[in-house]
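Before any comments, here is the structure.
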Amino acid sequence: MDYTLVPVVNPGQVHQILVAYKSPEYTKTGRTCKKTDVWCLGVLILETLTGRFVIAQGYSQGQNGSDIIAWINVIVQEASSNTAQVFDKEMEISTERCRPEMEKLLQIGIACCQEDQDKRVDLEEAQYQIEQVQESSTDIN
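In my numbering, the protein residues as written are 36 to 176.
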């Protein structure tokens, strides 16, 4: 977690938010691994796309950012081909032509937030996938 966010967060929520950015394996063992930072990257991607903070009203409170991740996973599973409802409504009109890239980033965010670290992509793969999205959007424009 970026501790520079602490001053802009409600003091009563600091602990919840700090816990939310920790990967499941870090929460369980207190040790980081190669894929711990990937979890945080995924949470940041999902927050950006949804316009929702990792701990927000409207979902049950869980650990490890699972609030937003569980919410997204439920929607993605229920609406397999229509994930538009997870995206930030404030961006809807201005990003309509970027929807394919947003869908790809959503999948990258989900892949970064796999509970099982063996199923989670590594940082190099996440970076490569993000670069591919960037290149495909450059080709379109």
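Just so you know, even glycine gets a beta-carbon here, dropped at the ideal spot from N, CA and C.
Everything numeric in this text was worked out from a predicted model, so none of it was measured.
When secondary structure is reduced to three states using DSSP, residue 147 falls in the helix class. Residue burial is scored here from C-beta neighbours: residue 59 has at least 16 other C-beta atoms within 10 angstroms and is therefore classed as buried. Pairing residue 84 with residue 147 gives a Cβ-Cβ distance that is not under 8 Å. The Cβ atoms of residue 56 and residue 78 lie closer than 8 Å to each other. Rounded to whole angstroms, the gap between the alpha carbons of residue 165 and residue 125 is 23 Å. Every alpha helix (DSSP H) of 4 residues or more that sits fully in the segment 53–84 is shown, in chain order, as 59–64. Separation of residue 153 and residue 66 (C-alpha to C-alpha, rounded to the nearest whole angstrom) is 16 Å. Residue 87 carries a coil assignment under DSSP once its states are collapsed to helix, strand and coil.
If you compare the alpha carbons of 122, 136, 167 and 159 with that of residue 82, the shortest gap goes to 122. Looking only at 150, 155, 80 and 119, the smallest Cα-Cα distance to residue 132 is reached by 119.
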